[in-house]
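Chains as they are written, first to last, in our numbering: chain A, 1 to 219; chain B, 1001 to 1219.
2 protein chains.
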Amino acid sequence: MVKLLSSVQGYELFDGMSLEEANAMVECLDGHVISRDKGAAIFVEGSHANRFGAVLSGSLVVVKDGLDGKRIIIKRIGEKELVAAAQAFSGAKIMRVRVEADAPSRILILNAERVCSPCCNGCAFHARLVRNVMRIISAKTLELNAKIEILSHRTTDDRLLAYLHTFAEKCGSNEFDIPFDRQQLADFLCVERSALSAEVSRLARAGAFACHKNHFKLT
Amino acid sequence: MVKLLSSVQGYELFDGMSLEEANAMVECLDGHVISRDKGAAIFVEGSHANRFGAVLSGSLVVVKDGLDGKRIIIKRIGEKELVAAAQAFSGAKIMRVRVEADAPSRILILNAERVCSPCCNGCAFHARLVRNVMRIISAKTLELNAKIEILSHRTTDDRLLAYLHTFAEKCGSNEFDIPFDRQQLADFLCVERSALSAEVSRLARAGAFACHKNHFKLT
DNA sequence: TTACGTTTGTTGCCGTTCCAACATACTTGC
DNA sequence: GCAAGTATGTTGGAACGGCAACAAACGTAA
């Protein structure tokens, strides 16, 4: 057996499996590893959506070309995360977005149809895998809901406050470090970086929170 | 056996099952039906998130109380759709939103933990059910992605055009009826109704499309 | 230290949205 | 038809964000 995986540590997809079990699983799902340089495509718009991927190293971006020629970055996908899972399991026939490497990356490509089919090899972990996939996709749905709640605010300060309070709620404390620098936070909130900086200052002066760099303390 | 379902027609959750099979399934999932008047809660914030629902009749809204006291409507859920599925299958322990009836409604409540557990009664449709749930949740994820793409535009006209072009792409024609009146469309795009009306007029005058009521024809 | 690049904060102008109020359709029930 | 209610379109003033250009703080390497 070819061992495509060298570790299952940190992969939600393989939660509850040993390395051997996961590698058996991978073989059962037609697994193969591809490598891509920065900018190279993993999935292109219009391609058949029956495969999904797990990022082994590097990072990807999901992009959509706007009508005006502008490229919109829909999301970033980091190591050990899944890509195109929703596409593959939704029953949609073709990809409506483009996925490309944001850095030199290695991706484990898996056949989605095999996930739900009765396992030919009688491997005992399909049920576990299905539960994991369901949990991953569901969690992603919740994340997207949270993001929509933030984006439903139109002003920069409302978006910032919604983000900070959601974050505080999630981490159970009102003092925390956010995982973004200013530019990344601006991209996430879909606002201008400079306007965001200005709002951070203004709200801090107004006493809504204290902050230094990406450390925040809500009041 | 109590037959809680009188039809499986239109329920993606029971796709591929007969009415008898679906009713057996429902019993296996601890199914029971609840009724709620408009405004009454189905799930409250902070409650244990191990159940989900299928709307038998009526319609629901998922709401979140903002810090400023404003209630944000996150989404509407219509007949035969699922509610709280992502919550229940994500592994999250508690609900972070509130779900209430938007009209007098009957909801079939199901136990999410039973979906993935090996079936006690040996009923043959767990695998099918799991596939259906995965497809439903995945499709929802794609919908949310599309909405985020729309909301990532900040101007009303960009949001409107993004929505219309996405819709045209989905229905495969550039002449179509949208399922919203102006107020609903404004809510969906997170913009002001009056500003939206103004933009519709302006873009129609500018020749981007022709429109009458909710019938649009892109040029 | 100096020089350089990167990140973050600040400012002014201009375009757009918000909000409220009003005007004009369209629909429904009588 | 008429009236009442709802949906849609229009307008003007105030507020806000986008953009560009610049200033300040920080880290790094020669």
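The beta carbon of each residue, even a glycine, is placed where N, CA and C say it ideally should be.
A distance below 9 Å separates the beta carbons of HIS215 of chain A and PHE176 of chain A. SER1194 of chain B and ILE1073 of chain B have their C-alpha atoms some 19 Å from each other. Contacts between ALA1092 of chain B and chain A, judged by CB atoms closer than 7 Å, involve LEU142 in chain order. If you look at PHE14 of chain A, you'll find it isn't in any beta strand (DSSP E); DSSP assigns it neither H nor E. Within 10 angstroms of the beta-carbon of ASP1065 of chain B lie fewer than 16 other beta-carbons, which makes it exposed.
The beta carbon of ASP157 of chain A sits closer than 7 Å to those of GLU199, LEU203, all from its chain and outside the five residues before and after it, given in chain order. Here ASP181 of chain A is exposed: its Cβ has fewer than 16 other Cβ atoms, across all protein chains shown, within 10 Å. Rounded to the nearest whole angstrom, the C-alpha separation of VAL1133 of chain B and LEU1013 of chain B is 6 Å. DSSP, reduced to helix, strand and coil, places ASN1050 of chain B outside both helices and strands of the structure shown, so it counts as coil. Along the region 1165 to 1197 of chain B, the positions whose C-beta sits under 7 Å from a C-beta of chain A are HIS1165, CYS1190, read in chain order. In this structure, the straight-line span from the alpha carbon of GLU1113 of chain B to that of ASN1050 of chain B is close to 7 Å.
Short of 8 Å from the beta carbon of VAL33 of chain A, and not among the five residues preceding or following it, lie these beta carbons of its own chain, in chain order: LEU4, LEU56, ARG106, ILE107, LEU108, ILE109. Apart from sequence neighbours up to five positions away, the residues of its chain that approach GLY1207 of chain B with a beta-carbon distance below 7 Å are THR1219, ordered along the chain. The CB of MET134 of chain A comes closer than 8 Å to the CB of PHE1089, CYS1116, VAL1130, VAL1133, MET1134, ILE1137 in chain B, given here in chain order. Between the alpha carbons of GLY53 of chain A and SER1035 of chain B lies a gap of roughly 42 Å. Annotation for ALA139 of chain A: the continuous alpha helix (DSSP H) segment containing it runs 126 to 151. In the DSSP annotation of this structure, the continuous segment of the alpha helix (DSSP H) that includes LYS170 of chain A starts and ends at 156 to 171.
The criterion of a C-beta distance shorter than 9 Å is not satisfied by ARG1205 of chain B and CYS116 of chain A. A Cβ-Cβ distance of about 5 Å is found for the pair ALA1022 of chain B and VAL1008 of chain B, placing them in contact under the 8 Å criterion.
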